[in-house]
Amino acid sequence: MNFGFSDEQQTIKATARELLARRAPFERVRAAAEERRYDEPLWRELCELGWPGIAVAEEHGGQGLGAVELAVLLEELGYAVAPVPLLGSALAALAIEHAGDAQQRALWLPGLASGAMTGAFGGARDLIADADGASVIVIVEAGAPRLIARADADVEPVDAIDPTRRYARVSGAGPELGGDVAGALARAGAAVAAELVGVCQRALDMTVAYVSERRQFGVPVGSFQAVAHRCAQMLLHTEGARSAAYFAAWAADAAPERLAEATGLACAAAGEAGVDVTGSAIQAHGGIGFTWEADVHWLFKRAQLDAAMLGGASGHRIRLARAVAARRGGVAA
Amino acid sequence: MDLTFSERETAFRDELRAWFAANDPGPEPPHVEELHYAWRRDFQRRLYEGGWAAPHWPVEHGGRGATLTESAIYFEELGRARAPLPANVLGLLLGGPTLMAWGTSEQCERFLGPILSAEEIWCQGFSEPEAGSDLAALKTRAVPDGDDWIVTGQKVWTSGAQHSKWCMLVARTDPDGPKHKGLTYFLMDMEQPEVQVRPLRQITGEAEFNELFIEGARISGEHVVGGVGNGWKVALTTLMNERAGLAFFLQVGLRRLLDDLIDEAAARGLLDDDVAADRLGALHVKAEILRLTAYRGLTAVEKYGQPGPEGSLTKWMWSESNQELVQLAAELLGGEALVAGTPWGYELLRARGNTIEGGTTEILKNIVAERVLGLPRAR
C-alpha cells in the first residue's frame, strides 16, 4: 500500500506548478476571463509540451501515460484556474479512447493529443465546458455517450458564472459510443474530481496567506479560533477529497473492478469539498472576498461548474449506499 | 502509487485471519465493568500466547517487527474479527514504545514482558483537573527523598486505573522553571496505599475512567523515564504514539458499525428512501475517506519519516463521523436504538466522548491550524 507518486509523477507535478505559476498568474486569468476568451499563448505552449495528450496512447500521438498522471496535471491546472480548454479535450479523449471504436480513435485522438483540435464532454442538458469552438463533442444522454462532430453540432454558447472557461449547451446527432461506456464515464468523473482538488488547494493556500497577514484588533485575523478552525476544516475537506481523487485515478489505471465505486467516492467528496472550501475562502477573506478585485471568486465559480459536471454529490452518495447494501446481501438493489 | 498489498502483507493478513478464525473472541459482553474488562484481559492473554499481542514491537522485545502497514493491517483485522482492544492497550501502544524510545535497557527488561502478557496493566496519569487540554499546566509535584521521589497531587480521566499495576505519570520536579520544563516522566507503582483510585461514572453508566488521589506516594529513582526534567518530550512521544496507532482500529470500528446500520436499514427497506440512502452514503464516503487518508498518512511516514498534513486529521474525522453515525442510527431505527443496555443505545452515549478523549476536536483544530497550516497562534 503506497500512496506516493513516482519520480516521474512528482516531476510532472513540480513542472506544472512552476510553469503555471509563471504563465498563468491571476492577472492572466483575469485578463482572459474579463474578455471571455482563452489564453491562447498559454494554450499553444501547453500543446507544445504535449499536455492535452498526456493520457492518450502513444500510437495516437499522445504520451501514453495514465489516469494518475492526468490527475496530477489537472490538479495543477485547477490550482491555477488556467483559462485553457484542456479539460474538455482530455475528457473527450478519455471517452473516445475507452468507449470509441478503432476508427473513431484514429480520427480524433491525434488531433486532441496535439492540440490541433479541441474537444468537449458533458451531459445533454448541462453546461458543457470548452464546447464552444470544440472540433468534437461527446454528449451523454441517459448514460449513453454519442460523438458529435463540429459540423453536426448545434452549439449554443452560454455565459456561465465561471468566466475562466467557455461553456455551451450542445445538441446534435452523432454515432453512439459502444465500447466501455461505464469506464469512460468513471474516468471522466475522476479527472474532474482531480481538478477540483487543485481548486480547493489554491483556495486554502490563498486563505491561509490572507488571514495570516490581515490584521484586526491588533492581531492577524488567523489567530482567532473562529477563523483558524474554518481553515482547519478547509484542510480536512481538501485532503479528504484528495484521498478519494487519487484512489479513483489509481483504480482507473490499476484496478478497473474498483473504478465505479472509487469514482463515486471521488465525485461525492470532491463535489462537496469544492463548493464548501471555495465558499469558505470567500468568507475568510471578509468583505474583500466578495469583491471582483480579489481573486478568490474565480475559484468559487470554477468549483460550482466543476461540481455540476460531477452531477451532484447526493446522487453519488445514494448510489454508493445502495451498492454497499447490495454487496452485503441486503434487500436494496 | 500502488494501493494494493504486497505478497508479504497479504500473507501477514492471511495468517492473522486464520488465527482469528481459530480464536473467536466471542460476542461482546454487556458494558458492565468487570465483565467487559475480563473479556478484554482474557483476549489479550490469548493474543499473547499466539504471539499477536504487539506485532508492531521489535522482535527482541517480543513483537514481530511489523512494518507500519502490517501494523495497520493488524488493527484492521482486530476490528474485523470483532475482537476488543487488548486490556493493556495503553501499555502496548503507549508505555512500551515510550520505554523503547527513552527507557534504559534495565527498564525495558523489567517492564516490557509483563505488558505483553497483560500480567501488569498500565494506565496513563497525564490529565489533571486544572490541566486537561493545557497539559503542561499540571501541578502534581514530585520531590526527591534520597534516591526516591515522593509524589503528591491529583490525576483525572485515568482509564483502567482500577486494574493497573503501573501508571505513566508526569509530575512537576522543578516548580520554578517554565511550565514545559521541570516536568519528569515516572512509572508509579499503583499498589500502595498512598494512591487512591476513585471511579468516575460516565454518561453511559459505566466507569472506564478514574480519579487518582496521590498523597505522598513513593517512586524509586530507577523508575524515572528519559531523565529528570525531560518529561514533556517523553510525554509527547506517548501522545504521538496514541494518535498514530489507534487510527486503523478506529477506522475499522466505524466501518463495522456502519455496515451493521446499513444491514439493519436494508432489512427495513430504508435504502429505497432517497433521504436515508443519501445520509448512509454520506457516512460511507466519510468512512472510506478516513481509511484512505489513514493509509496516505502511513505512506508519508514511510517515505518522509514524518506524518504529513493528513496524519493530523484522522482522529478528528473518525470522532465526528462516529457521532454522526450513531445519531443516524437513532433516527433510522427509532425507539429500538434508544433502549438502555442495547449496543446502539450504548454507542449513542459513548460516542459523545469521542470528540473529547485523546485531544478535543477544538484542540485538534488548533494543532492543525498552527502546525500544519502555519497560522499564527490561536487565541
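If you read the protein sequences in the order shown, they are chains X and S. What the first sequence shows, in the numbering used here, is residues 1 to 333, in sequence order. What the second sequence shows, in the numbering used here, is residues 1001 to 1379, in sequence order. Backbone N, C-alpha and C fix where the C-beta goes; we use that ideal spot for every residue, glycine too.
- Cα-Cα, which of X/Gly64, X/Arg242, X/Gly179 and X/Phe224 is closest to S/Lys1365? Closest option to S/Lys1365, Cα to Cα, is X/Phe224.
- How long is the line joining the alpha carbons of X/Arg230 and S/Ala1378, rounded to whole angstroms? C-alpha separation (whole angstroms): 12 Å.
- Message: Is X/Val277 close to chain A? Criterion is C-beta to C-beta, closer than 7 Å.
- Response: Checking the listed chains, one finds no chain A in this structure; the protein chains it contains are X and S.
- Put S/Asn1023 into one of helix, strand or coil per three-state DSSP. In the structure shown, S/Asn1023 sits in coil (DSSP, three-state: anything other than H, G, I, E or B).
- Query: What's the call for S/Pro1129, buried or exposed, on a 16-neighbour Cβ count within 10 Å?
  - Reply: By the Cβ-count criterion, S/Pro1129 is exposed, with fewer than 16 other Cβ atoms from all chains shown falling within 10 Å of its own Cβ.
- Message: For a cutoff of 7 Å on Cβ pairs, would you count S/Arg1255 as touching chain X?
- Response: So, not an interface residue.
- Query: Would S/Phe1209 count as contacting chain X if we go by Cβ distances under 7 Å?
  - Reply: So no, S/Phe1209 is outside the interface.
- Message: Considering only the alpha carbon of each residue, which of X/Ala325, X/Glu58, X/Ile96 and X/Arg319 lies closest to X/Gly136?
- Response: A quick correction: the sequence has Val, not Gly, at residue 136 of chain X. Residue nearest to X/Val136 within the set X/Ala325, X/Glu58, X/Ile96 and X/Arg319 is X/Ile96 (criterion: CA-CA distance).
- Task: May I ask you to list, following chain order, the residues of the region 1307-1323 of chain S that have a beta carbon less than 8 Å from some beta carbon of chain X?
- Result: Here the close residues are Pro1309, Glu1310, Leu1313, Trp1316 and Met1317.
- Item | One or two residues paired with S/Met1168 in a DSSP bridge | For S/Met1168, DSSP records a beta bridge to S/Gln1124 and S/Leu1187.
- Item | At least three beta-carbon pairs within less than 8 Å, the region 1001-1008 of chain S to the region 245-256 of chain X | A contact exists between the region 1001-1008 of chain S and the region 245-256 of chain X.
- Message: Classify S/Lys1315: buried if its beta carbon has 16 or more other beta carbons within 10 angstroms, exposed otherwise.
- Response: Result: buried.
- Task: For X/Ala203, I'd like the list of residues in its chain whose CB is within less than 6 Å of its CB, leaving aside the five on either flank, ordered along the chain.
- Result: So the qualifying residues of the chain are Val277, Thr278, Ala281 and Leu299.
- Item | Endpoints, alpha helix (DSSP H) assigned at S/Ser1319 | That run of the alpha helix (DSSP H) goes Thr1314 to Leu1333.
- Query: Is the CB-CB distance between S/Ala1277 and X/Ala321 below 7 Å?
  - Reply: Result yes, Cβ atoms of S/Ala1277 and X/Ala321 sit closer than 7 Å.
- Beta carbon of S/Trp1157, beta carbon of S/Leu1250: below 7 Å? Not a contact, by the Cβ cut-off of 7 Å.
- Query: In its own chain, which residues sit with a C-beta less than 6 Å from the C-beta of X/Pro110, not counting the 5 before and 5 after it?
  - Reply: The answer, listed in chain order, is His60 and Gly61.
- CA-to-CA distance, S/Leu1135 to X/Glu48, given in whole angstroms: Approximately 58 Å between the Cα atoms of the pair.
- For the beta strand (DSSP E) holding S/Gln1154, just list the boundary residues, first then last. Looking at the DSSP string, the run of the beta strand (DSSP E) that includes S/Gln1154 is Asp1148 to Val1156.
- Message: Determine, for X/Phe3, whether the minimum Cβ-Cβ distance to residues of chain S falls below 7 Å.
- Response: Interface with chain S (7 Å Cβ-Cβ cutoff): X/Phe3 is included.
- Query: Is the number of C-beta pairs between the region 1162-1173 of chain S and the region 1105-1125 of chain S that are closer than 8 Å three or more?
  - Reply: The region 1162-1173 of chain S vs the region 1105-1125 of chain S: in contact.
- Which residues in chain S sit within 9 Å of X/Tyr246, going by Cβ to Cβ distance? Going along chain S in sequence order, the residues near X/Tyr246 (Cβ under 9 Å) are Met1001, Leu1003, Leu1292 and Arg1296.
- What is the DSSP secondary structure of X/Ala168, reduced to helix, strand or coil? Of the three classes helix, strand and coil, the one that applies to X/Ala168 here is strand, per DSSP.
- Query: Is S/Leu1397 buried or exposed, if buried means 16 or more other CB atoms sit within 10 Å of its CB?
  - Reply: The requested residue 1397 of chain S is not part of the displayed model; chain S covers only 1001 to 1379.
- Spatially closest choice to X/Glu27 from X/Lys13, X/Leu65 and X/Ala82, by CA coordinates: Per the Cα distances, X/Ala82.
- Query: Can the beta-carbon of X/Ser243 be found less than 7 Å from the beta-carbon of S/Arg1296?
  - Reply: Yes, Cβ-Cβ distance for X/Ser243 and S/Arg1296 is below 7 Å.
- Buried or exposed for X/Ala14, please, with buried defined as at least 16 other CB atoms from any protein chain shown within 10 angstroms of its CB. By the 16-neighbour rule on beta-carbons within 10 angstroms, X/Ala14 is exposed.
- Helix, strand or coil: which one does DSSP assign to X/Gly330? Bear in mind that the predicted position of X/Gly330 carries a pLDDT of just 49, short of 50, making it unreliable; the figure below should be weighed with that in mind. X/Gly330 falls in the coil class under three-state DSSP.
- Item | CA nearest to the CA of S/Glu1028, picked from S/Arg1041, S/Thr1152, S/Phe1126 and S/Gly1334 | Per the Cα distances, S/Arg1041.
- Message: Taking the straight line between their C-alpha atoms, what separation do you get for S/Ala1171 and S/Gly1308?
- Response: Taking the straight line joining both Cα atoms gives about 31 Å.
- Query: Do the region 1213-1226 of chain S and the region 1341-1361 of chain S make contact, defined as three or more Cβ pairs closer than 8 Å?
  - Reply: With a cut-off of 8 Å, the region 1341-1361 of chain S and the region 1213-1226 of chain S do not count as touching, because too few Cβ pairs lie within range.
- Query: In this structure, does DSSP put X/Ile137 in helix, strand or coil?
  - Reply: Strand at X/Ile137.
- Message: With H, G and I counted as helix, E and B as strand and the rest as coil, what does DSSP make of S/Gln1306?
- Response: Residue state, collapsed to three classes: coil.
- Starting from the Cα of S/Thr1299, find the closest Cα among S/Ala1011, S/Thr1067 and S/Arg1008 and give me that residue. Nearest Cα to S/Thr1299 within the set S/Ala1011, S/Thr1067 and S/Arg1008: S/Thr1067.
- Message: By the DSSP assignment, the alpha helix (DSSP H) with S/Gln1202 in it spans what residues?
- Response: Segment: none, S/Gln1202 is in no alpha helix (DSSP H) and carries neither H nor E.
- Buried/exposed call for X/Leu46, threshold 16 Cβ in 10 Å: A residue is called buried once 16 or more other Cβ atoms fall within 10 Å of its Cβ, and X/Leu46 is buried on that count.
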